[in-house]
Amino acid sequence: MIIEHCDKIDIARILIERIDGVVMRARVSTLALANAVLERWANDAPEKGEGQCQIQIIFEDGFQYQSRIGLKRSQKRISLARHLRQQLSAMATPQSGRRKKKIDSEAAVCLVQPGPAFSVEAMLARYDI
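The numbering used here runs 11 ahead of the 1-based position in the sequence shown.
What follows is the structure in C-alpha cells.
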C-alpha cells in the first residue's frame, strides 16, 4: 500500500477588516499574525457586546474563504484557525436540536473553489488551516 503525502496549500494572504463602524484594516500572511491583529483589536471592542471583523483568506491556488468573527474585550487568546474549523464543521453538520455553542456558519462563505466541490474533511486536509 502506497500512501501519498501532499503538502497542504499555504495561505497567500489574510485580509481583516472591522465592520462594526471602526475603520481598521490589516493584511497579513499567516494565521499567527492574524491572531495577533485580532487580539489587539479585541482590546478596543465595546465593553458590552462585541466588535465584528470580516476575514478573507486567500490561498496560493486562488481558493478564497470569507468569514466573520466577533471580538470581545474579555478575550485573552484568539485562534482564527480554531474559529474557521468550527465554522466548517458547523457547515457540514446538519442542525439538530440545541447546540452547546452557537457558531455562525452562515457567515462563512467559500468564494472561489477550484475544481469539484470539497467536503469539509477534504478542505481541512488540503488547505493549511
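Positions of the beta carbon are idealized from the N, C-alpha and C atoms, including for glycine.
- In this structure, Gly62 and Asp31 form a Cβ contact; the two beta carbons are roughly 5 Å apart against a cut-off of 8 Å.
- Distance from the Cα of Arg88 is smallest, within the candidate group Arg51, Thr41, Tyr76, Glu71, for Arg51.
- Contact between Ala23 and Glu71 holds: their C-beta atoms lie close to 5 Å from each other, under 8 Å.
- Annotation for His94: Ile80 place their beta carbon closer than 7 Å to its own, counting only its chain and skipping 5 residues before and after.
- Taking the Cβ atoms as the reference, Ala43 lies roughly 20 Å from Lys83, outside the contact range of under 8 Å.
- Within the model, the alpha-carbon separation for Tyr138 versus Lys19 is close to 5 Å.
- A Cβ-Cβ contact shorter than 8 Å links Arg36 with Ile27.
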